[in-house]
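Student: I have a structure here, written as structure tokens, and I will follow up with some questions on it.
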DNA sequence: ATCCTGTGATTAATCCTTTAAGCAAGGTCG
DNA sequence: CGACCTTGCTTAAAGGATTAATCACAGGAT
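Protein chains in written order, with our numbering: chain F, 34 to 402; chain A, 34 to 402.
Now the structure itself:
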């Protein structure tokens, strides 16, 4: 391992690798890592004493002087505990696993990871990640790898919220579901989709809209919770908001899929109908994006001719002109909460619904008369 | 830190949690994990023998019968090695750290992680991740946490490619830079931005374009490699392609930042000039997105009135109409390569440039006459 | 009968921490 | 004065794997 000659010892760095102050012990060996025993020897105490000091055990009775000597020695030698030895002994690793189906294909994954990471960091834990890509074989492999390493807990995450079956082996470990539910009675974290549906519709109603359309893959909605929990819940919230005012959906425009092109097709067909709704609720931002395009093609102005609202808060929502008003998936908060639940031994089973804030931008206006 | 010949993946790894067949040993204690000693006892052999069998050591001379007994015992008891104990002894953890500045804010991060994950998995390693958010304090913390855990290596990643200073402590560990370079002579992985610049310009030239504009934060380009390496390199490639045909850039439109709104402003100003270029190279997809909007506002059709090319291959590139032709950042491949380099003991320092494939969609046409 | 060699195993040391148990000296209490 | 507690430490035993060193035995050569 070659080291450049311009090595400068950073001030904050206790000593790591700086052999300057280290005593040579006989042979001139390749830098052995500093162990607790080294620290103890340096401080003129037993390893037990050193361990007590460094772990700040209050029940241990040690002189203030001894305490200082140990601390000084550790500092000087640049001691860092060997995590493997420690875990072996105490049977904890301060490591948690985040196993998800997909991390890369959705742009939201990052938010969950970041939230999880931040809590993990605050609680002195680290995060191991693995991806199953929905493949049972890979999943088995990932779970194996994690359990071998005796992680203290597992966050089992789905990138699209849905109901899933938790592998048996995870049930023996502390597990929290992220963006998913199951029948196993585990703590779970989900976005408050139904409330968001209600809020989105309410925002429209509040502006005076009465002819409201929904654009999405309706066929699957309220049917297959294993594919997407979100769609059904959003829909239910929307219906409830309308019902509270004695209204019903004016139109449900069914799309084949959830992509921009589907939104384009759907919106085009909506605009070709006899009476155009004054507002359209798109079931996600990609559809909304396509809807924007279709509106432009048809010479309709947003929000003057037609209002649009949506769900997710994809980065493009901000780029669109006008900005897209949308209920944000609170991914970061969800990731955070999942790890908190995992680390909280007393957390009870059951689902936590994380609010989806409505990001108000310019796509909702008053209905054209 | 030399370690004997690389261990080979144990083949016994099947058993899973089939505790069903586990024998109770005396007390009815809370299920103790099965250890190697248990397996050995079950097979009527020493732990040494069991270890040899399970690790498939060829130099060990064991009878075929003993081998089978160990394997059977491991299988039956559902043995899985204790990673902590193993790491403690062999001084390897089969764990690699991915430390990045940001994982969540860019939608590309996922690709890198996924690539890293996939080769880590193939090589029987797991991935620890940490995020510094550019904060030196958090960075120190993250590096500490990783080194405590004696990771076998660190992938130090930047989410926007640039030149950075590697913390001293990392230089004592095996480190590979991902999407970054440094002056430390470490192996590094970067996208082949200059080639991409060349390819993008060449694609335009090939269609007959001669009046070509560039849209981007030109001020920073070729100046501050710490902010963005990409911009300067892309620019150089573009210039070279033009020079090869004896041409120069028709216009350089400077934007204030890299966002969609900047692209919109820049494109608008471009279109207001006296002689409009026949093609515009946007320095990234967000700018291109804004440029699309501006073109639409100005009543210019893409690609009939004006062609647009770009860099990155953001998901929106596909959603736009027409699809945006753009040079893709090969994030997944980069992540993959970084881990490969990390795990390849013999990998030499120096930068690996990963090709950026040009995704041809519909935004390049022939120049209007 | 003795020495040597190859085979098929075992014993014991080691990796580094944590922690239960014990010990020596000095002070307190009855 | 002896029993007993505190204080401030130390010793030694885990914890579960890998591995250097050793051993018992059978068979062949001398």
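C-beta: ideal position from N, C-alpha, C; glycine also.
Please classify residue 165 of chain A as buried or exposed, where buried requires at least 16 neighbouring CB atoms within 10 angstroms.
Tutor: Looking up residue 165 of chain A in the second chain gives position 132. It counts as buried.
Student: Is there at least one Cβ from chain F nearer than 8 Å to residue 396 of chain A's Cβ?
Tutor: If you number the second chain from 1, residue 396 of chain A lands on position 363. For residue 396 of chain A, the answer is no, since every Cβ of chain F falls outside 8 Å of its Cβ.
Student: Alpha carbon to alpha carbon, how far is residue 388 of chain F from residue 262 of chain F?
Tutor: As a first step, residue 388 of chain F must be located in the first chain, where it is residue number 355. As a first step, residue 262 of chain F must be located in the first chain, where it is residue number 229. Their Cα atoms are separated by approximately 15 Å.
Student: Going by CA-CA distance only, name the one from A:127, A:142, A:170, A:143 that's closest to residue 160 of chain A.
Tutor: By one-based count along the second chain, residue 160 of chain A stands at place 127. Minimum Cα distance to residue 160 of chain A is reached at A:127.
Student: Quick check on residue 291 of chain F - is its C-beta less than 8 Å from some C-beta in chain A?
Tutor: Taking the first residue of the first chain as position 1, residue 291 of chain F is located at position 258. Output row for residue 291 of chain F: interface = no.
Student: For residue 95 of chain A, which residues in the same chain have their Cβ closer than 8 Å to its Cβ, ignoring the five residues on either side in sequence?
Tutor: Taking the first residue of the second chain as 1, we reach residue 95 of chain A at position 62. The answer, listed in chain order, is 82, 85, 86.
Student: Output yes or no for whether 8 Å exceeds the beta carbon distance between residue 167 of chain F and residue 368 of chain F.
Tutor: In the first chain, residue 167 of chain F corresponds to position 134, counting from 1. In the first chain, residue 368 of chain F corresponds to position 335, counting from 1. No. Outside cutoff.
Student: I think residue 340 of chain F touches residue 302 of chain F, with their Cβ atoms under 8 Å apart; what is that distance to the nearest whole Å?
Tutor: Counting from 1 along the first chain, the entry for residue 340 of chain F is found at position 307. Counting from 1 along the first chain, the entry for residue 302 of chain F is found at position 269. With 8 Å as the limit, residue 340 of chain F and residue 302 of chain F do not qualify as a contact, their Cβ atoms being about 18 Å apart.
Student: Comparing the C-beta of residue 118 of chain F with each C-beta of chain A, is any distance below 8 Å?
Tutor: In the first chain, residue 118 of chain F corresponds to position 85, counting from 1. Closer than 8 Å: yes.
Student: Rounding to the nearest angstrom, what Cα-Cα distance links residue 218 of chain A and residue 327 of chain F in this structure?
Tutor: Taking the first residue of the second chain as position 1, residue 218 of chain A is located at position 185. Taking the first residue of the first chain as position 1, residue 327 of chain F is located at position 294. Taking the straight line from one Cα to the other gives about 52 Å.
Student: Alpha carbons only, please: which of F:132, F:366, F:378 is nearest the one belonging to residue 191 of chain F?
Tutor: Numbered from 1 along the first chain, position 158 holds the residue referred to as residue 191 of chain F. Of the listed residues, the one whose Cα sits closest to residue 191 of chain F is F:132.
Student: Tell whether a beta-carbon distance below 8 Å holds between residue 220 of chain A and residue 381 of chain A.
Tutor: Position 187 of the second chain, counted from the first residue, corresponds to residue 220 of chain A. Position 348 of the second chain, counted from the first residue, corresponds to residue 381 of chain A. The Cβ atoms of residue 220 of chain A and residue 381 of chain A lie closer than 8 Å to each other.
Student: State whether the region 70-77 of chain F contacts the region 96-116 of chain F, with contact taken as three or more CB pairs (one from each stretch) at a distance under 8 Å.
Tutor: yes
Student: Pairing CB atoms from the region 172-182 of chain F with CB atoms from the region 109-126 of chain A, are three or more of them under 8 Å?
Tutor: yes
Student: Going by CA-CA distance only, name the one from A:374, A:214, A:206 that's closest to residue 198 of chain A.
Tutor: Your numbering for residue 198 of chain A matches position 165 in the second chain. For the residues A:374, A:214, A:206, the minimum Cα distance to residue 198 of chain A belongs to A:214.
Student: In chain order, what residues of the same chain lie with their CB nearer than 8 Å to the CB of residue 11 of chain F, ignoring the 5 residues before and after it?
Tutor: The requested residue 11 of chain F is not part of the displayed model; chain F covers only 34 to 402.
Student: Who are the Cβ neighbours of residue 371 of chain F in its own chain at under 7 Å, not counting the five residues just before and after it?
Tutor: The residue you call residue 371 of chain F lines up with position 338 of the first chain. These residues qualify, in order along the chain: 149, 188, 209, 211, 222.
Student: Which of the residues in the region 78-106 of chain F, read from start to end, lie with their CB under 7 Å from any CB of chain A?
Tutor: none
Student: From residue 3 of chain A to residue 297 of chain A, what distance separates their C-alpha atoms?
Tutor: Outside the shown range of chain A, which is 34 to 402, sits residue 3 of chain A, and nothing can be said about it.
Student: When the cut-off is 8 Å and only beta carbons count, does residue 322 of chain F lie next to chain A?
Tutor: To locate residue 322 of chain F, count along the first chain from 1; it is residue 289. Yes, because at least one Cβ of chain A sits closer than 8 Å to the Cβ of residue 322 of chain F.
Student: Can you check whether the C-beta of residue 121 of chain F is within less than 8 Å of a C-beta belonging to chain A?
Tutor: Position 88 of the first chain holds residue 121 of chain F. Yes, its Cβ sits closer than 8 Å to a Cβ of chain A.
Student: Extract the residue ranges of the beta strand (DSSP E) inside the region 166-231 of chain A, only unbroken runs of 3 or more that lie entirely within it.
Tutor: 186-196, 208-214, 220-224
Student: Assuming residue 273 of chain A is part of the alpha helix (DSSP H), what are its boundary residues?
Tutor: Sequence index remark: in the second chain, residue 273 of chain A carries index 240 (1-based). Here the alpha helix (DSSP H) through residue 273 of chain A covers 262-277.
Student: Which partner residues does residue 386 of chain F have in the DSSP bridge list?
Tutor: As a working note, residue 386 of chain F is residue 353 in the first chain. For residue 386 of chain F, which the question treats as bridged, DSSP gives the partners F:223.
Student: Does residue 299 of chain F get closer than 8 Å to chain A when you measure Cβ to Cβ?
Tutor: One-based indexing of the first chain puts residue 299 of chain F at position 266. Not an interface residue.
Student: Can we say the region 268-287 of chain A touches the region 243-251 of chain A, given the rule of at least three CB pairs closer than 8 Å?
Tutor: yes
Student: Going straight from the alpha carbon of residue 313 of chain F to that of residue 342 of chain F, what length do you get?
Tutor: Within the first chain, the letter at position 280 stands for residue 313 of chain F. Within the first chain, the letter at position 309 stands for residue 342 of chain F. C-alpha separation (whole angstroms): 6 Å.
Student: Thinking residue 323 of chain A and residue 293 of chain A are a contact (beta carbons under 8 Å), I'd like their distance in whole angstroms, please.
Tutor: Working through the second chain from its first residue, we reach residue 323 of chain A at position 290. Working through the second chain from its first residue, we reach residue 293 of chain A at position 260. Confirmed, about 4 Å.
Student: Closer than 8 Å, CB to CB, is residue 4 of chain A near chain F or not?
Tutor: In the structure displayed, chain A extends from 34 to 402; residue 4 of chain A sits before or after that span and is not available.
Student: Which whole-angstrom value is the C-beta distance of residue 320 of chain F and residue 239 of chain F, which I expect to be below 8 Å?
Tutor: The residue labelled residue 320 of chain F in the question sits at position 287 within the first chain. The residue labelled residue 239 of chain F in the question sits at position 206 within the first chain. Rounded, the Cβ-Cβ distance is 22 Å, inconsistent with contact.
Student: Going by the beta-carbon positions, is the gap between residue 357 of chain A and residue 295 of chain A smaller than 8 Å?
Tutor: For the purposes of this step, residue 357 of chain A is taken as the residue at position 324 of the second chain. For the purposes of this step, residue 295 of chain A is taken as the residue at position 262 of the second chain. Cβ distance not < 8 Å, so residue 357 of chain A and residue 295 of chain A don't count as in contact.
Student: For residue 164 of chain A and chain F, any beta-carbon pair shorter than 8 Å?
Tutor: As a working mapping, residue 164 of chain A is identified with position 131 in the second chain. For residue 164 of chain A, a Cβ of chain F is located within less than 8 Å of the residue's own Cβ.
Student: For residue 160 of chain A, which residues in chain F fall below 9 Å Cβ to Cβ?
Tutor: The residue you call residue 160 of chain A lines up with position 127 of the second chain. In chain order: 161, 162, 163.
Student: Which of the three DSSP states, helix, strand or coil, is assigned to residue 121 of chain F?
Tutor: Looking up residue 121 of chain F in the first chain gives position 88. The answer is helix: DSSP assigns residue 121 of chain F an H, G or I state.
Student: Please identify the residue among F:299, F:345, F:349 whose C-alpha is closest to the C-alpha of residue 330 of chain F.
Tutor: Here residue 330 of chain F corresponds to residue number 297 of the first chain, with the count starting at 1. In terms of CA proximity to residue 330 of chain F, F:299 leads the group F:299, F:345, F:349.
Student: Output yes or no for whether 8 Å exceeds the beta carbon distance between residue 129 of chain A and residue 174 of chain A.
Tutor: What you label residue 129 of chain A is simply residue 96 of the second chain in a count that begins at 1. What you label residue 174 of chain A is simply residue 141 of the second chain in a count that begins at 1. Not in contact: residue 129 of chain A and residue 174 of chain A (Cβ atoms no closer than 8 Å).
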